[in-house]
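Inspection log for the structure reproduced underneath, given as structure tokens.
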Amino acid sequence: IVPFGRRKVGGYVMRIKGESPYSPLKEIEALLGEEPPLSEEMIELAQWVAKRYFSPLYASLQAMVPSPLRAKYERWILWNREYDEKPLIVLPEEEEILTYIREKGSLPYKSLLKKFPRADSLLPLFLERKTILEETRIRDGARGKREKLVERKVSPDVLKEALYTLPGTATKQRRILTLFLEEERFPLREILSRAESLPENLNPLVRKGLLRITEHEVLRDPTKTVFPPDLPKALTPEQGEVYQKILAAYEKDKEPKPFLLHGITGSGKTEVYLQVIQKMRERGKDAIVLVPEISLTPLMVERFKRRFGEEVALLHSALSDGERYDEWRRIMRGDAHVVVGARSAIFAPVQDLGVIIIDEEHETTYKQEENPRYHAKEVAMERARRHKSLLILGSATPSMESYAYAKAGRITLLHLEKRVGQGVLPTVHLVDLRQEMREGHRSMFSRLLLQKMKERLERKEQMILLLNRRGYSTFVLCRSCGHTMECPHCDITLTYHQTSHSLRCHYCGHEEKMVEECPQCHSRSIRQLGVGTEKIEEELKAHFPGIRVIRMDQDTTSRKGAHERLLSSFGREEAEVLLGTQMIAKGLDFPKVTLVGLILADIGLHQADFRAAERTFQLITQVAGRAGRHQLPGEVVVQSYSPEHYSIQLGAAQDYRKFFDHEIRIRKKGGYPPFYRLTLIHFEHEEIPVLVKAIQRFAEELRTYLSGDTVVLGPAPSQITRIKDRYRYHCMVKYKNEPKLMDYLKRALENLDAIIEKNGIQVHIDMDPQVYF
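Read in order, the letters of the sequence shown correspond to residues 271 to 1043 in our numbering.
Shown next as structure tokens:
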């Protein structure tokens, strides 16, 4: 923590010099944490990330340090002591708040708001009058958890003698000592609970020197479960061949090329990962395994814990600050050697990296959407290069870029084309919803899907239904005047949620009560249109009274542990149907699931995004892979209004190679990745004229620096032109080879510095973007 003007801020010591050109120097006021959070290797990697992704170095450093280890900035309100003796001439509602602040002397801003919600509007007035002051305080993040232990200080024989000398009324002391005849130590809470005693019953025994109370650190275990160990499974010939090729490359090559493991759903990719990690551990090497956040299911965690036990550390967003702090320190200290986590786990401070595995490598969630806008796959390639370690990218539906690089020889391509055990690929049925409508069937469930669901209920089997849209309806319309309910802060319609009877914006979080009449024409002809998971659940129960449904979407899984509880419940067969958004499309393996229904395969297909067809194909293939993974055969029903589209046809056929061959021709013709690279430059401001003028000048300037083959598209409004009351425009740089692009972007922005700073324009630069809204 260092003084910075009138404030105190957190910073990082990057290097140490013997002398400084500046004088006088200010002292560092305090150190955060018990040990440096970043090694020299990670500092160098942060510098690489900052340069590669056009990010401030501080943002790159912050990305590598888990939030519990970062400085916590807190706004405090202080009473101005100059007013101690002065009378307050204020309104009654002001007096109550000021009196409270004076009594406290100082308090966190959040605490004040909790007691007086209206204080927020009055504080600017108090600050202007100088009756109060404010300051930003910095505190440490999470700390280690400590637990009190009670230990036996003498031998059991001495305790037995002490028991005889206790008075007859000391029943609880007798209970405590009796427990220590068998065990040497207990946690304080446990001994008091088991002896049904209080601290005052224990203290005399401590004073007599029979027992002592100590403290020790307790690590918080995110799983809170000890799993029985699991032995490696015998690999199939196909798995064995893949495994041997990976190890041979590690043995022979000084810098092994990355591997792309293209394996169909259920082909046993995870077992190959586990055995490669086992081999690395035998050599004293560490491993990082990245999986998409939504695939970090209890089942996935359990498989790694069973195989590697206490060596596994978890890093993902569902951990508490304390759990994340403990897991990070276990990795730093070398107590954990197999890190399993989501995107940010690529920055785990492992000591001697032997292998990085990225499962479901095609997932867009590996790309961060705020500074630093890094792609975990690219960072993994850089870390693997620095450590000369293995990098394995795995997927049933690889990204177009990865597969193209593999075909070009930049990545080694491996295949798993058969399901392990008795599992066979499910039978897929494609339903044309237009034909259903023409024949008078207007349900969200086609007649075929209803029939298949009825059969599963009769056979007491389970089903998974997927609709990649949460909520009850996607928009609310007045049938009299055509007015749609929109977010007041964003150019997007509000989504109706039936459980809370509210309208919500899924971009800024704005929420309001459901309207009973149109705010425009006051008609009561209000209708909810479109379909979300809540509405699907309602109709499902109407078709099959008594059916048990577990719904999994962002609304039902936001609380800690909800994801695990819902999946465990489904695994115990406490519901016939698991209904959800894309979070149920991958990573799930339930023996009784024999039917998967994709309610509407077209969602996202017609977006203004060149990857729309690829994502549709991936979703169909991945969700189809949840059915028939064990002995019972599986079926999949894919419903669509565009069943003739190649992505839906080939997704239903689960034919990746044909899809790749078709899509790659379209990409080449349109000049999109993997043939060209893209960089998105995003400008935001509250006023359109200011915004347009600035981004037009930027684009004009940038064009003067670039080579003839490079194109600047735009500027143009973003797909969602306004979010959180800020308008959004962007331009896109499309290029094959522009080695000095970073320098050109920097120069063009520096020439606009005055306009950008004067008007408070926000600028974001996104290298190889995955999202374009």
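Note that the Cβ used here is the ideal one computed from N, Cα and C, for glycine as well.
These numbers come from a predicted model, not from an experiment.
Report the rounded CA-to-CA distance for residue i versus residue j, giving the unit in angstroms.
i: Gly921; j: Leu868; result: 12 Å
i: Arg996; j: Ile965; result: 15 Å
i: Val319; j: Cys751; result: 52 Å
i: Ala389; j: Leu451; result: 59 Å
i: Gln332; j: Val907; result: 45 Å
i: Pro1039; j: Cys788; result: 39 Å
i: Gln892; j: Lys938; result: 26 Å
i: Thr949; j: Pro387; result: 44 Å
i: Ser290; j: Met334; result: 28 Å
i: Ser337; j: Leu837; result: 28 Å
i: Ser592; j: Arg416; result: Note on residue identity: the sequence assigns Gly, not Ser, to residue 592. Whole-angstrom Cα-Cα distance: 12 Å.
i: Pro457; j: Gly831; result: 26 Å
i: Val420; j: Leu433; result: 17 Å
i: Ala612; j: Val649; result: 13 Å
i: Glu355; j: Leu382; result: 23 Å
i: Ala897; j: Leu858; result: 10 Å
i: Gly779; j: His759; result: 10 Å
On a Cα-Cα basis, can you pick out the residue from the options that is closest to residue i?
i: Asp427; options: Arg927, Leu447, Pro437, Lys442; result: Leu447
i: Ala871; options: Arg416, Ser587, Arg739, Glu633; result: Arg739
i: Pro903; options: Arg717, Ala812, Arg689, Tyr282; result: Arg689
i: Asn905; options: Ala923, Pro913, Tyr916, Arg276; result: A quick correction: the sequence has Glu, not Asn, at residue 905. The option with the nearest alpha carbon to Glu905 is Ala923.
i: Phe814; options: Ser770, Pro457, Glu725, Asp879; result: Glu725
i: Leu339; options: Asp354, Glu365, Ile359, Leu308; result: Leu308
i: Gly1030; options: Lys783, Leu348, Val960, Tyr636; result: Val960
i: Phe945; options: Arg935, His952, Glu954; result: Arg935
i: Lys994; options: Ile681, Gln545, Glu781; result: Glu781
i: Met570; options: Glu756, Val609, Ala654, Ser293; result: Val609
i: Pro985; options: Phe968, Gly978, Val1033; result: Phe968
i: Ile313; options: Ile298, Ser293, Arg285, Lys296; result: Arg285
i: Lys515; options: Leu684, His532, His876, Leu315; result: Leu684
i: Leu735; options: Lys400, Leu397, Gly850, Ala519; result: Gly850
i: Gly538; options: Phe953, Ile402, Lys503; result: Lys503
i: Met602; options: Ala897, Glu970, Glu311; result: Glu311
i: Ser425; options: Gly375, Ser325, Glu809, Gly479; result: Gly479
i: Pro913; options: Leu737, Asp1023, Val701, Thr864; result: Val701
i: Val542; options: His1000, Thr754, Thr506, Arg655; result: Thr506
i: Thr754; options: Leu719, Glu731, Ser793, Leu720; result: Ser793
i: Lys1004; options: Arg947, Gln1032, Lys1028, Glu1027; result: Arg947
i: Lys677; options: Glu305, His532, Leu660; result: His532
Round the Cβ separation of residue i and residue j to the nearest angstrom and send it over; I've been treating them as touching at under 8 Å.
i: Leu302; j: Gly280; result: 6 Å
i: Gln443; j: Leu481; result: That pair is no contact at about 10 Å.
i: Tyr673; j: Leu530; result: 7 Å
i: Glu572; j: Ser587; result: Between Ser587 and Glu572 the Cβ distance is about 19 Å, and since that is not below 8 Å, they are no contact.
i: Ile854; j: Met822; result: 6 Å
i: His607; j: Arg551; result: 6 Å
i: Leu720; j: Ser910; result: Not quite, the Cβ-Cβ distance comes to about 17 Å (not below 8 Å), so this is no contact.
Tell me which same chain residues have a C-beta within less than 8 Å of the C-beta of residue i, skipping the five on either side of it?
i: Ser839; result: Ile820, Ala845
i: Arg835; result: none
i: Leu517; result: Val546, Lys549
i: Ile681; result: Lys527, Pro528, Phe529, Leu530, Leu663, Ser672, Tyr675
i: Leu361; result: none
Leaving aside the five residues before and after residue i along the sequence, list all residues of the same chain whose C-beta is less than 6 Å from its C-beta, in chain order.
i: Asp596; result: Leu489, Arg490
i: Arg643; result: Tyr323, Asp1036
i: Asp761; result: Ile990, Thr991, Arg992
i: Ile1025; result: Ala964
i: Ile958; result: Tyr997
i: Arg749; result: Ser795, Arg797
i: Arg973; result: Val982
i: Tyr1048; result: Given a span of 271 to 1043 for the chain in the structure shown, any question on residue 1048 remains unanswerable.
Given residue i, which residues of its chain have a CB within under 7 Å of its CB, disregarding the five upstream and five downstream residues?
i: Glu364; result: Leu392
i: Glu639; result: Val1041
i: Ala465; result: Lys442, Arg445, Ile446, Leu449
i: Glu933; result: Met670, Ala883, Glu884
i: Glu1008; result: Leu976, Ser977, Thr980
Is there contact here, the stretch 508 to 521 with the stretch 612 to 620, by at least three beta-carbon pairs under 8 Å? Judged by Cβ distances under 8 Å, the stretch 508 to 521 makes no contact with the stretch 612 to 620, as fewer than three pairs qualify.
Could you say if the stretch 788 to 804 and the stretch 1005 to 1017 meet the contact criterion of at least three C-beta pairs nearer than 8 Å? Because the criterion of three Cβ pairs below 8 Å is not met, the stretch 788 to 804 and the stretch 1005 to 1017 do not touch.
Does the stretch 394 to 408 come into contact with the stretch 332 to 347, if we say contact requires no fewer than three beta-carbon pairs (one atom in each stretch) closer than 8 Å? Output reads yes: the stretch 332 to 347 touches the stretch 394 to 408.
Can you find at least 3 beta carbon pairs, one from the stretch 827 to 836 and one from the stretch 688 to 708, that sit closer than 8 Å? No, the stretch 827 to 836 is not in contact with the stretch 688 to 708.
Is the stretch 554 to 561 in contact with the stretch 676 to 689, if contact means three or more CB pairs nearer than 8 Å? The answer is no - the stretch 676 to 689 does not touch the stretch 554 to 561, with fewer than three Cβ pairs under 8 Å.
Is the number of C-beta pairs between the stretch 655 to 675 and the stretch 621 to 631 that are closer than 8 Å three or more? Yes: the two stretches touch, three or more of their Cβ pairs being nearer than 8 Å.
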